[in-house]
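The sequence shown runs 13 to 483 under the numbering used here. The beta-carbon is built from N, C-alpha and C at its ideal position, and this holds for glycine as well.
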Amino acid sequence: MTLHKGASPSDRKQTGHPVNPFYGEADPVAGMETAPPRHTLPDGPISPHTAYQFVHDELMLDGNSRLNLATFVTTWMEPQAGVLMAECRDKNMIDKDEYPRTAELEKRCVAMLADLWHAPDPSSAVGCSTTGSSEACMLAGMALKRRWMQRNKDRYPGSARPNLVMGANVQVCWEKFCNFWEVEARTVPMEGDRFHLDAASAAEQCDENTIGVVAILGSTFDGSYEPVADICAALDEVQKKRGWDIPVHVDGASGAMIAPFLDPELMWDFRLPRVASINTSGHKYGLVYPGVGWALWRDTEALPEELVFRVNYLGGDMPTFALNFSRPGAQVAAQYYTFLRLGRAGFRAVQQATRDVAGSMAERIGALGDFRLLTRGDQLPVFAFTTADHVTAFDVFDVSRRMRERGWLLPAYTFPPNREDLSVLRVVCRNGFSMDLADLFHADLEQLLTELREQPGPMQRPESVATAFHH
(Lines of atoms letter the chains of each structure in order from A and count residues from 1; the text may use other names and numbers.)
(Lines give C-alpha, C1' and ligand atoms only; values in the text may rest on other atoms or scores of the structure.)
Protein backbone atom coordinates (compact mmCIF):
# COMPACT_ATOMS: atom_id res chain seq x y z
CA MET A 1 0.00 0.00 0.00
CA THR A 2 1.10 3.58 -0.59
CA LEU A 3 2.69 5.24 2.42
CA HIS A 4 1.39 8.67 3.40
CA LYS A 5 2.76 11.29 5.73
CA GLY A 6 0.73 13.39 8.15
CA ALA A 7 -0.60 16.76 7.03
CA SER A 8 1.60 19.85 7.23
CA PRO A 9 0.65 22.63 9.69
CA SER A 10 -0.84 24.69 6.88
CA ASP A 11 -2.93 21.73 5.72
CA ARG A 12 -4.33 21.22 9.21
CA LYS A 13 -5.84 24.70 9.32
CA GLN A 14 -9.57 25.15 8.90
CA THR A 15 -10.40 26.00 5.30
CA GLY A 16 -12.85 28.77 6.21
CA HIS A 17 -14.47 28.44 2.81
CA PRO A 18 -18.25 28.83 2.60
CA VAL A 19 -20.23 25.86 1.36
CA ASN A 20 -23.30 25.64 -0.78
CA PRO A 21 -26.18 26.11 1.67
CA PHE A 22 -28.22 23.57 -0.30
CA TYR A 23 -25.84 20.90 1.01
CA GLY A 24 -28.06 21.02 4.08
CA GLU A 25 -30.81 18.42 3.98
CA ALA A 26 -33.63 20.55 5.42
CA ASP A 27 -33.11 24.24 6.21
CA PRO A 28 -30.65 25.89 3.78
CA VAL A 29 -29.89 28.70 6.24
CA ALA A 30 -29.26 26.46 9.24
CA GLY A 31 -26.45 24.29 7.84
CA MET A 32 -22.70 24.65 8.14
CA GLU A 33 -21.14 27.94 7.10
CA THR A 34 -17.64 26.58 6.52
CA ALA A 35 -16.33 23.36 5.10
CA PRO A 36 -15.08 20.69 7.55
CA PRO A 37 -11.31 20.32 8.01
CA ARG A 38 -9.55 17.91 5.65
CA HIS A 39 -6.75 16.60 7.84
CA THR A 40 -8.17 16.64 11.36
CA LEU A 41 -11.40 15.27 12.73
CA PRO A 42 -14.24 17.83 12.80
CA ASP A 43 -15.34 19.01 16.23
CA GLY A 44 -18.81 17.55 15.77
CA PRO A 45 -20.99 15.56 13.37
CA ILE A 46 -22.62 16.76 10.19
CA SER A 47 -25.68 15.38 8.45
CA PRO A 48 -25.26 12.20 6.41
CA HIS A 49 -26.41 13.99 3.27
CA THR A 50 -23.79 16.71 3.69
CA ALA A 51 -21.01 14.23 4.42
CA TYR A 52 -22.00 12.21 1.36
CA GLN A 53 -22.03 15.27 -0.88
CA PHE A 54 -18.57 16.39 0.22
CA VAL A 55 -17.04 12.98 -0.51
CA HIS A 56 -19.05 12.49 -3.69
CA ASP A 57 -18.01 15.84 -5.12
CA GLU A 58 -14.32 15.27 -4.44
CA LEU A 59 -14.43 11.84 -6.09
CA MET A 60 -15.84 13.40 -9.26
CA LEU A 61 -12.28 14.47 -10.03
CA ASP A 62 -11.15 10.84 -10.32
CA GLY A 63 -10.83 9.43 -13.81
CA ASN A 64 -13.64 7.36 -15.30
CA SER A 65 -12.68 3.76 -14.55
CA ARG A 66 -14.39 2.47 -17.69
CA LEU A 67 -12.03 4.60 -19.80
CA ASN A 68 -8.94 3.48 -17.87
CA LEU A 69 -6.92 1.49 -20.39
CA ALA A 70 -4.10 1.02 -17.89
CA THR A 71 -5.87 -1.16 -15.35
CA PHE A 72 -6.44 -4.91 -15.58
CA VAL A 73 -9.00 -4.70 -12.78
CA THR A 74 -12.67 -5.33 -13.50
CA THR A 75 -14.64 -2.09 -13.88
CA TRP A 76 -18.07 -3.49 -14.75
CA MET A 77 -20.29 -6.21 -13.29
CA GLU A 78 -23.96 -7.02 -13.66
CA PRO A 79 -26.32 -5.20 -11.28
CA GLN A 80 -27.27 -8.50 -9.64
CA ALA A 81 -23.62 -9.04 -8.69
CA GLY A 82 -23.53 -5.59 -7.14
CA VAL A 83 -26.61 -6.38 -5.06
CA LEU A 84 -25.09 -9.67 -3.94
CA MET A 85 -21.87 -7.96 -2.91
CA ALA A 86 -23.81 -5.35 -0.93
CA GLU A 87 -25.61 -8.15 0.91
CA CYS A 88 -22.27 -9.76 1.86
CA ARG A 89 -20.10 -6.75 2.62
CA ASP A 90 -20.59 -7.07 6.38
CA LYS A 91 -19.56 -10.74 6.49
CA ASN A 92 -16.05 -11.42 7.73
CA MET A 93 -14.51 -13.94 5.33
CA ILE A 94 -12.20 -15.32 8.01
CA ASP A 95 -15.05 -16.21 10.38
CA LYS A 96 -15.96 -19.51 8.78
CA ASP A 97 -17.87 -20.73 11.81
CA GLU A 98 -20.27 -17.80 11.79
CA TYR A 99 -20.60 -17.69 7.99
CA PRO A 100 -20.35 -21.34 6.91
CA ARG A 101 -22.10 -20.81 3.57
CA THR A 102 -19.63 -18.10 2.54
CA ALA A 103 -16.85 -20.53 3.47
CA GLU A 104 -18.54 -23.19 1.36
CA LEU A 105 -18.61 -20.86 -1.65
CA GLU A 106 -14.88 -20.26 -1.25
CA LYS A 107 -14.31 -24.01 -1.13
CA ARG A 108 -16.34 -24.51 -4.30
CA CYS A 109 -14.40 -21.82 -6.13
CA VAL A 110 -11.10 -23.53 -5.22
CA ALA A 111 -12.50 -26.84 -6.49
CA MET A 112 -13.64 -25.25 -9.74
CA LEU A 113 -10.23 -23.68 -10.34
CA ALA A 114 -8.44 -26.95 -9.53
CA ASP A 115 -10.57 -28.66 -12.17
CA LEU A 116 -10.14 -25.80 -14.66
CA TRP A 117 -6.35 -25.89 -14.25
CA HIS A 118 -6.15 -29.69 -14.59
CA ALA A 119 -4.94 -30.61 -11.12
CA PRO A 120 -4.00 -34.34 -11.20
CA ASP A 121 -6.52 -34.99 -8.44
CA PRO A 122 -8.73 -31.94 -7.90
CA SER A 123 -9.85 -33.34 -4.56
CA SER A 124 -6.27 -33.23 -3.24
CA ALA A 125 -5.42 -29.78 -4.59
CA VAL A 126 -5.35 -27.10 -1.91
CA GLY A 127 -6.03 -23.42 -2.26
CA CYS A 128 -7.51 -20.30 -0.77
CA SER A 129 -8.89 -16.92 -1.65
CA THR A 130 -6.75 -13.84 -1.11
CA THR A 131 -7.16 -10.10 -1.42
CA GLY A 132 -5.54 -10.26 -4.87
CA SER A 133 -2.65 -11.75 -6.79
CA SER A 134 -0.06 -9.87 -4.76
CA GLU A 135 -1.00 -11.74 -1.60
CA ALA A 136 -1.36 -14.97 -3.57
CA CYS A 137 2.16 -14.56 -4.96
CA MET A 138 3.53 -13.92 -1.48
CA LEU A 139 1.92 -17.14 -0.25
CA ALA A 140 3.24 -19.13 -3.20
CA GLY A 141 6.72 -17.71 -2.67
CA MET A 142 6.60 -18.61 1.01
CA ALA A 143 5.72 -22.21 0.12
CA LEU A 144 8.58 -22.39 -2.40
CA LYS A 145 11.06 -21.08 0.13
CA ARG A 146 9.90 -23.38 2.92
CA ARG A 147 10.08 -26.45 0.69
CA TRP A 148 13.64 -25.48 -0.28
CA MET A 149 14.54 -24.95 3.38
CA GLN A 150 13.27 -28.41 4.24
CA ARG A 151 15.42 -29.94 1.50
CA ASN A 152 18.49 -27.98 2.60
CA LYS A 153 18.34 -28.18 6.38
CA ASP A 154 22.04 -29.02 6.55
CA ARG A 155 23.06 -25.86 4.65
CA TYR A 156 20.46 -23.25 5.53
CA PRO A 157 20.79 -20.66 6.92
CA GLY A 158 24.55 -21.03 7.31
CA SER A 159 26.07 -21.11 3.82
CA ALA A 160 23.04 -21.11 1.55
CA ARG A 161 21.08 -18.08 0.43
CA PRO A 162 17.86 -18.86 -1.42
CA ASN A 163 17.18 -17.28 -4.80
CA LEU A 164 14.16 -16.97 -7.07
CA VAL A 165 14.48 -16.80 -10.86
CA MET A 166 12.14 -14.57 -12.87
CA GLY A 167 12.01 -12.17 -15.79
CA ALA A 168 12.45 -8.43 -15.47
CA ASN A 169 8.80 -8.12 -16.53
CA VAL A 170 7.40 -9.55 -13.27
CA GLN A 171 4.88 -7.58 -11.27
CA VAL A 172 6.40 -5.60 -8.40
CA CYS A 173 4.89 -7.97 -5.82
CA TRP A 174 7.66 -10.48 -6.62
CA GLU A 175 10.32 -7.89 -5.88
CA LYS A 176 8.52 -7.19 -2.61
CA PHE A 177 8.45 -10.90 -1.77
CA CYS A 178 12.19 -11.24 -2.31
CA ASN A 179 12.86 -8.16 -0.21
CA PHE A 180 10.51 -9.03 2.64
CA TRP A 181 11.44 -12.73 2.85
CA GLU A 182 15.19 -12.32 2.24
CA VAL A 183 15.39 -14.13 -1.07
CA GLU A 184 17.82 -13.14 -3.81
CA ALA A 185 15.89 -11.99 -6.87
CA ARG A 186 17.61 -13.34 -9.97
CA THR A 187 15.99 -11.19 -12.61
CA VAL A 188 16.59 -11.99 -16.27
CA PRO A 189 16.72 -8.74 -18.27
CA MET A 190 14.98 -8.19 -21.58
CA GLU A 191 17.13 -8.50 -24.69
CA GLY A 192 16.32 -7.25 -28.17
CA ASP A 193 12.82 -8.33 -29.11
CA ARG A 194 12.58 -10.77 -26.19
CA PHE A 195 10.38 -8.99 -23.68
CA HIS A 196 9.93 -11.81 -21.15
CA LEU A 197 11.62 -14.84 -19.63
CA ASP A 198 12.66 -17.66 -21.95
CA ALA A 199 13.58 -21.25 -21.12
CA ALA A 200 17.33 -21.03 -21.70
CA SER A 201 17.73 -17.85 -19.65
CA ALA A 202 15.71 -19.33 -16.79
CA ALA A 203 17.80 -22.50 -16.68
CA GLU A 204 21.08 -20.54 -16.80
CA GLN A 205 20.16 -18.61 -13.64
CA CYS A 206 19.36 -21.68 -11.54
CA ASP A 207 21.60 -23.34 -9.00
CA GLU A 208 21.27 -25.53 -5.92
CA ASN A 209 19.86 -22.58 -3.96
CA THR A 210 17.04 -21.77 -6.40
CA ILE A 211 13.71 -22.14 -4.62
CA GLY A 212 11.74 -21.88 -7.84
CA VAL A 213 11.16 -20.18 -11.17
CA VAL A 214 8.29 -17.76 -11.70
CA ALA A 215 6.66 -17.99 -15.14
CA ILE A 216 4.20 -15.25 -16.10
CA LEU A 217 1.12 -16.24 -18.04
CA GLY A 218 0.40 -12.82 -19.43
CA SER A 219 3.07 -10.16 -18.96
CA THR A 220 1.69 -6.82 -17.86
CA PHE A 221 4.20 -5.04 -20.08
CA ASP A 222 2.89 -6.31 -23.40
CA GLY A 223 0.25 -9.01 -22.78
CA SER A 224 2.44 -11.91 -23.97
CA TYR A 225 2.53 -15.41 -22.45
CA GLU A 226 5.84 -16.74 -21.18
CA PRO A 227 6.66 -20.25 -22.50
CA VAL A 228 5.77 -22.21 -19.36
CA ALA A 229 6.09 -25.65 -20.98
CA ASP A 230 9.52 -24.82 -22.44
CA ILE A 231 10.70 -23.50 -19.07
CA CYS A 232 9.56 -26.70 -17.38
CA ALA A 233 11.31 -28.80 -20.03
CA ALA A 234 14.54 -26.85 -19.52
CA LEU A 235 14.31 -27.44 -15.78
CA ASP A 236 13.75 -31.15 -16.42
CA GLU A 237 17.13 -31.16 -18.19
CA VAL A 238 18.68 -29.27 -15.28
CA GLN A 239 17.45 -31.95 -12.90
CA LYS A 240 18.85 -34.72 -15.11
CA LYS A 241 22.27 -33.09 -15.31
CA ARG A 242 22.62 -31.49 -11.88
CA GLY A 243 20.03 -33.17 -9.68
CA TRP A 244 18.28 -29.91 -8.76
CA ASP A 245 14.51 -30.39 -8.59
CA ILE A 246 13.31 -26.82 -9.13
CA PRO A 247 9.55 -26.17 -9.03
CA VAL A 248 7.70 -23.62 -11.14
CA HIS A 249 5.09 -21.17 -9.98
CA VAL A 250 2.81 -19.79 -12.67
CA ASP A 251 1.76 -16.21 -12.04
CA GLY A 252 -1.49 -16.33 -13.96
CA ALA A 253 -2.85 -13.08 -12.54
CA SER A 254 -4.55 -12.46 -15.89
CA GLY A 255 -3.79 -15.36 -18.22
CA ALA A 256 -5.00 -18.13 -15.92
CA MET A 257 -8.55 -16.89 -16.57
CA ILE A 258 -7.97 -16.43 -20.32
CA ALA A 259 -5.97 -19.45 -21.53
CA PRO A 260 -8.31 -22.19 -20.22
CA PHE A 261 -11.12 -20.79 -22.36
CA LEU A 262 -9.38 -19.39 -25.44
CA ASP A 263 -6.18 -21.46 -25.61
CA PRO A 264 -7.25 -24.88 -24.25
CA GLU A 265 -4.39 -26.75 -25.96
CA LEU A 266 -1.71 -24.54 -24.43
CA MET A 267 0.29 -26.45 -21.82
CA TRP A 268 0.92 -24.16 -18.89
CA ASP A 269 -0.99 -25.48 -15.85
CA PHE A 270 -0.95 -28.52 -13.55
CA ARG A 271 -0.74 -30.81 -16.58
CA LEU A 272 2.97 -29.99 -16.34
CA PRO A 273 4.30 -31.98 -13.34
CA ARG A 274 6.85 -29.28 -12.52
CA VAL A 275 4.16 -26.65 -11.94
CA ALA A 276 3.72 -26.61 -8.16
CA SER A 277 1.38 -23.65 -7.76
CA ILE A 278 -0.71 -21.13 -9.68
CA ASN A 279 -2.27 -17.82 -8.76
CA THR A 280 -4.83 -15.65 -10.47
CA SER A 281 -6.69 -12.42 -9.83
CA GLY A 282 -10.41 -12.96 -9.58
CA HIS A 283 -10.73 -9.21 -9.92
CA LYS A 284 -9.02 -9.15 -13.32
CA TYR A 285 -10.18 -11.56 -15.99
CA GLY A 286 -12.04 -13.48 -13.28
CA LEU A 287 -14.56 -10.66 -13.88
CA VAL A 288 -15.08 -9.61 -10.23
CA TYR A 289 -14.71 -6.15 -8.70
CA PRO A 290 -11.53 -5.71 -6.60
CA GLY A 291 -10.20 -7.29 -4.53
CA VAL A 292 -10.06 -11.06 -4.71
CA GLY A 293 -7.31 -13.42 -5.79
CA TRP A 294 -6.73 -17.15 -5.67
CA ALA A 295 -3.71 -19.31 -4.86
CA LEU A 296 -3.71 -23.07 -5.60
CA TRP A 297 -1.13 -25.80 -5.03
CA ARG A 298 -1.22 -29.04 -7.02
CA ASP A 299 -1.35 -31.16 -3.82
CA THR A 300 -0.69 -31.02 -0.10
CA GLU A 301 2.99 -31.84 -0.64
CA ALA A 302 3.45 -28.56 -2.52
CA LEU A 303 2.18 -26.57 0.48
CA PRO A 304 4.15 -27.44 3.64
CA GLU A 305 1.82 -28.20 6.51
CA GLU A 306 3.95 -26.14 8.89
CA LEU A 307 2.85 -22.97 7.08
CA VAL A 308 -0.82 -23.68 7.71
CA PHE A 309 -2.23 -22.23 10.91
CA ARG A 310 -5.07 -23.95 12.68
CA VAL A 311 -6.93 -21.27 14.52
CA ASN A 312 -9.63 -21.50 17.14
CA TYR A 313 -11.47 -18.32 16.29
CA LEU A 314 -15.00 -17.29 17.22
CA GLY A 315 -16.08 -20.79 18.05
CA GLY A 316 -14.50 -22.79 15.24
CA ASP A 317 -11.24 -24.57 14.42
CA MET A 318 -10.02 -23.84 10.91
CA PRO A 319 -6.87 -24.14 8.80
CA THR A 320 -5.77 -20.81 7.35
CA PHE A 321 -2.91 -19.66 5.16
CA ALA A 322 -3.01 -15.93 4.54
CA LEU A 323 -1.19 -12.68 5.18
CA ASN A 324 -4.46 -10.87 5.86
CA PHE A 325 -7.03 -11.93 8.39
CA SER A 326 -10.36 -10.11 8.49
CA ARG A 327 -11.74 -9.16 5.09
CA PRO A 328 -15.19 -9.01 3.50
CA GLY A 329 -16.80 -12.08 1.97
CA ALA A 330 -18.46 -10.05 -0.78
CA GLN A 331 -15.83 -10.67 -3.44
CA VAL A 332 -15.82 -14.43 -2.85
CA ALA A 333 -19.59 -14.51 -3.20
CA ALA A 334 -19.28 -12.46 -6.38
CA GLN A 335 -16.66 -14.87 -7.77
CA TYR A 336 -18.93 -17.83 -7.19
CA TYR A 337 -21.81 -15.89 -8.76
CA THR A 338 -19.69 -15.25 -11.85
CA PHE A 339 -18.61 -18.89 -12.14
CA LEU A 340 -22.23 -19.99 -11.75
CA ARG A 341 -23.57 -17.30 -14.06
CA LEU A 342 -21.21 -17.82 -17.00
CA GLY A 343 -19.95 -21.38 -16.93
CA ARG A 344 -17.29 -22.43 -19.41
CA ALA A 345 -19.25 -21.35 -22.47
CA GLY A 346 -20.04 -17.95 -21.00
CA PHE A 347 -16.44 -17.29 -19.98
CA ARG A 348 -15.30 -18.36 -23.43
CA ALA A 349 -17.71 -15.93 -25.10
CA VAL A 350 -16.81 -12.99 -22.84
CA GLN A 351 -13.05 -13.50 -23.12
CA GLN A 352 -13.24 -14.03 -26.89
CA ALA A 353 -15.20 -10.81 -27.32
CA THR A 354 -12.55 -8.98 -25.29
CA ARG A 355 -9.75 -10.47 -27.37
CA ASP A 356 -11.61 -9.54 -30.56
CA VAL A 357 -11.82 -5.92 -29.43
CA ALA A 358 -8.10 -5.89 -28.60
CA GLY A 359 -7.18 -7.42 -31.95
CA SER A 360 -9.34 -4.95 -33.84
CA MET A 361 -7.87 -1.97 -31.99
CA ALA A 362 -4.31 -3.18 -32.56
CA GLU A 363 -4.91 -3.67 -36.26
CA ARG A 364 -6.39 -0.21 -36.71
CA ILE A 365 -3.65 1.49 -34.68
CA GLY A 366 -1.01 -0.33 -36.70
CA ALA A 367 -2.68 0.85 -39.92
CA LEU A 368 -2.35 4.51 -38.92
CA GLY A 369 1.33 4.46 -39.86
CA ASP A 370 2.48 6.45 -36.84
CA PHE A 371 3.01 3.44 -34.58
CA ARG A 372 4.79 0.11 -34.45
CA LEU A 373 3.02 -2.77 -32.73
CA LEU A 374 4.96 -4.91 -30.25
CA THR A 375 2.04 -7.26 -29.58
CA ARG A 376 -1.41 -7.63 -31.13
CA GLY A 377 -3.73 -8.72 -28.31
CA ASP A 378 -3.83 -12.34 -29.45
CA GLN A 379 -2.78 -13.75 -26.08
CA LEU A 380 -3.98 -11.54 -23.26
CA PRO A 381 -6.50 -9.01 -24.65
CA VAL A 382 -3.67 -6.51 -24.23
CA PHE A 383 -1.30 -4.95 -26.72
CA ALA A 384 1.65 -2.59 -26.61
CA PHE A 385 2.90 -0.22 -29.28
CA THR A 386 5.45 2.52 -29.74
CA THR A 387 6.00 5.31 -32.23
CA ALA A 388 7.28 4.31 -35.66
CA ASP A 389 10.94 4.97 -36.45
CA HIS A 390 10.15 7.87 -38.78
CA VAL A 391 8.04 9.74 -36.19
CA THR A 392 9.99 12.68 -34.75
CA ALA A 393 7.26 15.20 -33.93
CA PHE A 394 5.95 13.44 -30.82
CA ASP A 395 6.58 10.52 -28.49
CA VAL A 396 4.43 8.08 -26.52
CA PHE A 397 4.30 10.40 -23.52
CA ASP A 398 2.81 13.16 -25.64
CA VAL A 399 0.13 10.74 -26.85
CA SER A 400 -0.68 9.60 -23.30
CA ARG A 401 -0.93 13.14 -21.97
CA ARG A 402 -3.10 14.43 -24.81
CA MET A 403 -5.44 11.41 -24.78
CA ARG A 404 -6.00 12.04 -21.09
CA GLU A 405 -7.40 15.44 -22.02
CA ARG A 406 -10.13 13.50 -23.82
CA GLY A 407 -10.82 11.29 -20.79
CA TRP A 408 -8.74 8.26 -21.83
CA LEU A 409 -6.19 6.90 -19.39
CA LEU A 410 -3.63 5.46 -21.79
CA PRO A 411 -0.42 4.45 -19.98
CA ALA A 412 3.01 5.26 -21.36
CA TYR A 413 6.12 3.81 -19.75
CA THR A 414 9.66 2.65 -20.34
CA PHE A 415 10.59 -1.04 -20.43
CA PRO A 416 12.93 -2.51 -17.77
CA PRO A 417 16.59 -3.57 -18.23
CA ASN A 418 18.03 -4.04 -20.80
CA ARG A 419 15.41 -2.21 -22.90
CA GLU A 420 15.13 1.09 -21.07
CA ASP A 421 15.52 2.66 -24.51
CA LEU A 422 12.03 1.45 -25.45
CA SER A 423 9.01 3.51 -24.35
CA VAL A 424 5.57 2.21 -25.21
CA LEU A 425 1.84 2.73 -24.89
CA ARG A 426 -0.34 -0.15 -23.71
CA VAL A 427 -4.04 -0.87 -24.06
CA VAL A 428 -5.82 -3.30 -21.73
CA CYS A 429 -9.22 -4.46 -22.98
CA ARG A 430 -11.65 -5.71 -20.33
CA ASN A 431 -15.22 -6.93 -20.21
CA GLY A 432 -17.38 -3.86 -20.69
CA PHE A 433 -14.92 -2.19 -23.07
CA SER A 434 -17.04 -2.61 -26.16
CA MET A 435 -16.31 -2.21 -29.85
CA ASP A 436 -18.29 1.03 -29.67
CA LEU A 437 -15.89 2.42 -27.05
CA ALA A 438 -12.99 1.17 -29.15
CA ASP A 439 -14.39 3.16 -32.11
CA LEU A 440 -14.59 6.29 -29.95
CA PHE A 441 -11.01 5.76 -28.78
CA HIS A 442 -9.78 5.36 -32.33
CA ALA A 443 -11.63 8.48 -33.49
CA ASP A 444 -10.09 10.54 -30.68
CA LEU A 445 -6.63 9.16 -31.45
CA GLU A 446 -6.96 9.97 -35.16
CA GLN A 447 -8.09 13.51 -34.37
CA LEU A 448 -5.23 13.96 -31.93
CA LEU A 449 -2.63 12.76 -34.42
CA THR A 450 -3.45 15.59 -36.82
CA GLU A 451 -2.30 17.98 -34.07
CA LEU A 452 0.69 15.97 -32.84
CA ARG A 453 2.12 15.63 -36.36
CA GLU A 454 2.38 19.43 -36.50
CA GLN A 455 4.53 19.69 -33.37
CA PRO A 456 8.15 20.71 -33.88
CA GLY A 457 9.19 17.80 -31.66
CA PRO A 458 8.34 15.85 -28.50
CA MET A 459 7.76 17.93 -25.40
CA GLN A 460 10.74 16.20 -23.74
CA ARG A 461 9.06 16.19 -20.37
CA PRO A 462 10.72 13.96 -17.73
CA GLU A 463 9.22 10.49 -17.66
CA SER A 464 8.22 10.94 -14.02
CA VAL A 465 5.76 13.68 -15.00
CA ALA A 466 5.06 12.76 -18.61
CA THR A 467 2.43 10.29 -17.55
CA ALA A 468 0.65 9.42 -14.33
CA PHE A 469 1.22 5.72 -14.94
CA HIS A 470 4.15 4.00 -13.25
CA HIS A 471 4.62 0.30 -13.86
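Alpha carbon to alpha carbon, what distance is there between L421 and D74? For the purposes of this step, residue 74 is taken as residue 62 along the sequence shown, with counting starting at 1. For the purposes of this step, residue 421 is taken as residue 409 along the sequence shown, with counting starting at 1. If I take the Cα positions, the gap works out to 11 angstroms.
Evaluate V411 with the Cβ neighbour count: other Cβ atoms within 10 Å of its Cβ, from every protein chain shown; 16 or more gives buried, anything less gives exposed. If you number the sequence shown from 1, residue 411 lands on position 399. V411 is buried by the Cβ-count criterion.
Three Cβ pairs or more, each shorter than 8 angstroms: is that satisfied between the region 155-167 and the region 295-303? Output reads no: the region 295-303 does not touch the region 155-167.
Straight-line CA distance for F351 to L284? As a position in the sequence shown, residue 351 is number 339, starting the count at 1. As a position in the sequence shown, residue 284 is number 272, starting the count at 1. Looking at the two C-alpha atoms, the distance is approximately 25 angstroms.
Spell out the partners DSSP gives T426 in its beta bridges. Mapped onto the sequence shown, residue 426 falls at position 414. According to DSSP, T426 bridges with S435.
Three-state class that DSSP yields for D39 in the structure shown: In the sequence shown, the residue the question calls residue 39 occupies position 27. Reliability fails at D39, whose pLDDT of 48 lies under 50, so the model's placement of it is uncertain and the value that follows must be treated cautiously. Annotated three-state conformation of D39 is coil, per DSSP.
Determine the extent of the beta strand (DSSP E) in which C140 is found, giving its start and end residues. Here the question's residue 140 lines up with position 128 in the sequence shown. Going by DSSP, C140 is part of the beta strand (DSSP E) stretching over V138 to T142.
State buried or exposed for N191, treating a residue as buried only when at least 16 other CB atoms are found within 10 Å of its CB. One-based indexing of the sequence shown puts residue 191 at position 179. Counting Cβ neighbours within 10 Å, N191 comes out exposed, since fewer than 16 surround it.
If we ignore side chains and look at the alpha-carbon of each, how far apart do F189 and M447 end up? The residue you call residue 189 lines up with position 177 of the sequence shown. The residue you call residue 447 lines up with position 435 of the sequence shown. Each residue's Cα considered, the two are about 38 angstroms apart.
On the DSSP letters alone, give me the boundaries of the alpha helix (DSSP H) that L354 sits inside. Position 342 of the sequence shown, counted from the first residue, corresponds to residue 354. Where L354 is concerned, the enclosing alpha helix (DSSP H) stretches over A342 to A379.
Answer with buried or exposed for Y64, where buried requires no fewer than 16 other C-beta atoms within 10 angstroms of its C-beta. Within the sequence shown, the letter at position 52 stands for residue 64. With fewer than 16 other Cβ atoms from the protein chains shown falling within 10 Å of its own Cβ, Y64 counts as exposed.
Which term fits G469, buried or exposed, when burial requires 16 or more other beta carbons within 10 angstroms of its beta carbon? Reading the sequence shown from its first residue, position 457 is the one you call residue 469. It counts as exposed.
By how many angstroms is the C-alpha of S146 removed from the C-alpha of Q347? Taking the sequence shown and counting its residues from 1, one reaches residue 347 at position 335. Taking the sequence shown and counting its residues from 1, one reaches residue 146 at position 134. Distance between the alpha carbons of Q347 and S146: 18 angstroms.
Option in R442, G139, L117 and V260 with minimal Cα separation from V394: For the purposes of this step, residue 394 is taken as residue 382 along the sequence shown, with counting starting at 1. Check the Cα spacing between V394 and each of R442, G139, L117 and V260: the tightest is with R442.
Let me know the secondary structure DSSP gives H2 once reduced to three states. Beyond the ends of the chain as shown, which are 13 and 483, falls residue 2; an answer cannot be given.
When you compare the CB positions of F273 and H130, do they come within less than 8 angstroms of one another, or not? On the sequence shown, residue 273 is found 261 positions in, with the first residue counted as 1. On the sequence shown, residue 130 is found 118 positions in, with the first residue counted as 1. Going by C-beta atoms, F273 is not nearer than 8 angstroms to H130.
Looking at the strands, I want to know which residues DSSP matches up with T222. Here residue 222 refers to the residue found at position 210 of the sequence shown. The secondary-structure analysis by DSSP pairs T222 across a beta bridge with N175.
Between A379, R367, W309 and G381, which lies nearest to L125 when the distance is taken from Cα to Cα? As a working mapping, residue 125 is identified with position 113 in the sequence shown. Nearest C-alpha to L125: W309.
Let me confirm a value: S171 is counted as buried when at least 16 other C-beta atoms fall within 10 Å, else exposed. Which label applies? For the purposes of this step, residue 171 is taken as the residue at position 159 of the sequence shown. Residue environment analysis places S171 among the exposed positions, since fewer than 16 neighbouring C-beta atoms fall within 10 angstroms of its C-beta.
V67 (DSSP reduced to helix, strand or coil): Taking the first residue of the sequence shown as position 1, residue 67 is located at position 55. In the structure shown, the three-state DSSP call for V67 is helix.
May I ask which residues mark the beginning and end of the beta strand (DSSP E) holding F397? Counting from one through the sequence shown, the residue named residue 397 turns up at place 385. In this chain, the beta strand (DSSP E) harbouring F397 covers V394 to T399.
Measure the C-alpha to C-alpha separation of F337 and F321 and round it to an integer number of angstroms. Taking the sequence shown and counting its residues from 1, the one referred to as residue 337 is at position 325. Taking the sequence shown and counting its residues from 1, the one referred to as residue 321 is at position 309. Their backbone Cα atoms lie some 12 angstroms apart in a straight line.
Reference V436, options A211, A334, V225 and T232, closest by Cα: If you number the sequence shown from 1, residue 436 lands on position 424. With distances taken between Cα atoms, V436 lies closest to T232.
Where the alpha helix (DSSP H) containing T122 begins and where it ends: Position 110 of the sequence shown holds residue 122. It should be noted that the sequence gives Val, not Thr, for residue 122. Residues P112 to L128.
Taking the beta carbon of N430 as the centre, do at least 16 other beta carbons fall within 10 Å, making it buried, or is it exposed? Position 418 of the sequence shown holds residue 430. Result: exposed.
For R418, I'd like the list of residues in its chain whose CB is within less than 7 angstroms of its CB, leaving aside the five on either flank, ordered along the chain. Translated into positions along the sequence shown, residue 418 becomes position 406. Excluding residues within five positions, the ones whose Cβ falls inside 7 angstroms are D456.
If you pair each beta-carbon of the region 366-376 with each one of the region 218-226, do three or more pairs fall below 8 angstroms? The region 366-376 makes no contact with the region 218-226: fewer than 3 CB pairs, one atom from each, lie closer than 8 angstroms.
In chain order, what residues of the same chain lie with their CB nearer than 6 angstroms to the CB of G153, ignoring the 5 residues before and after it? Residue numbering aside, residue 153 sits at position 141 when the sequence shown is read from its first letter. These residues qualify, in order along the chain: F189.
So what's V85 in DSSP terms, helix, strand or just coil? Your numbering for residue 85 matches position 73 in the sequence shown. Looking at V85 - three-state DSSP - the assignment turns out to be coil, as it is neither helix nor strand.
Figure out for me which residue from V182, M269 and A197 has the closest Cα to the Cα of N175. Counting from one through the sequence shown, the residue named residue 175 turns up at place 163. Taking only the C-alpha atoms, the option nearest N175 is A197.
If you follow the beta strand (DSSP E) that A288 is part of, which residue opens it and which one closes it? Taking the first residue of the sequence shown as position 1, residue 288 is located at position 276. Looking at the DSSP string, the run of the beta strand (DSSP E) that includes A288 is V287 to S293.
Quick check on the DSSP output: the beta strand (DSSP E) that includes F383 runs from which residue to which? Translated into the one-based positions of the sequence shown, residue 383 becomes position 371. Looking at the DSSP string, the run of the beta strand (DSSP E) that includes F383 is F383 to L385.
I'd like the list of long-range same chain contacts for E432, defined as Cβ closer than 7 angstroms, with 5 residues on each side in sequence excluded. As a position in the sequence shown, residue 432 is number 420, starting the count at 1. The residues are T426.
When the Cα atoms are used, what is the spatial distance from P428 to L386? Translated into the one-based positions of the sequence shown, residue 428 becomes position 416. Translated into the one-based positions of the sequence shown, residue 386 becomes position 374. Approximately 15 angstroms, taken between the alpha carbons.
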